[in-house]
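Take a look at the structure below.
Numbering (UniProt numbering), first residue to last: 1 to 117.
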């Protein structure tokens with residue numbers, strides 16, 4: 001039987017590096033368009049044109065933000081023939097987004113319908 005995993009004690013010290021990395025993640029997610037892009041990618045791969053349509057942004061703007069997300073390791077590009085799609089790669093970041101959006105908008109709790117509207 002595997003040993004139970006310990007829940008971290010909230011008073012345990014956290015390294016400055018971890019705090020800085022976490023602050024950087026929140027800084028990256030503070031841009032509404034990047035948050036929206038990751039929310040959309042949580043439901044599966046999408047191309048830049050589709051993301052632009054769904055976010056109401058230009059293709060150039062979405063491409064710019066995808067570049068930042070890619071540099072941070074939160075998304076990656078995949079090629080399907082001539083089509084390039086983007087995929088979210090960080091399940092922990094997606095979980096943070098789900099929790100934050102659920103807290104901000106209680107109607108999202110337990111529902112994926114708003115994402116696919």
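Glycine is no exception: its CB is placed at the ideal position from the N, C-alpha and C atoms. Model, not experiment: these values are computed from the prediction.
Collapsed DSSP secondary structure at residue i in the structure displayed
| i | result |
| --- | --- |
| residue 84 | strand |
| residue 114 | Note that residue 114 has pLDDT 48, beneath the 50 cutoff, so the model's placement of it is unreliable and the number below is only indicative. Coil. |
Unbroken alpha helix (DSSP H) run spanning residue i, endpoints
| i | result |
| --- | --- |
| residue 104 | 91-104 |
| residue 33 | 32-41 |
| residue 49 | 48-55 |
| residue 72 | Unbroken run through residue 72: none, as it is neither H nor E. |
| residue 16 | 16-29 |
Nearest-angstrom Cα separation, counted from residue j out to residue i
| i | j | result |
| --- | --- | --- |
| residue 24 | residue 17 | 10 Å |
| residue 103 | residue 96 | 11 Å |
| residue 105 | residue 12 | 31 Å |
| residue 33 | residue 92 | 19 Å |
| residue 27 | residue 41 | 19 Å |
| residue 83 | residue 46 | 10 Å |
| residue 87 | residue 48 | 11 Å |
| residue 55 | residue 37 | 7 Å |
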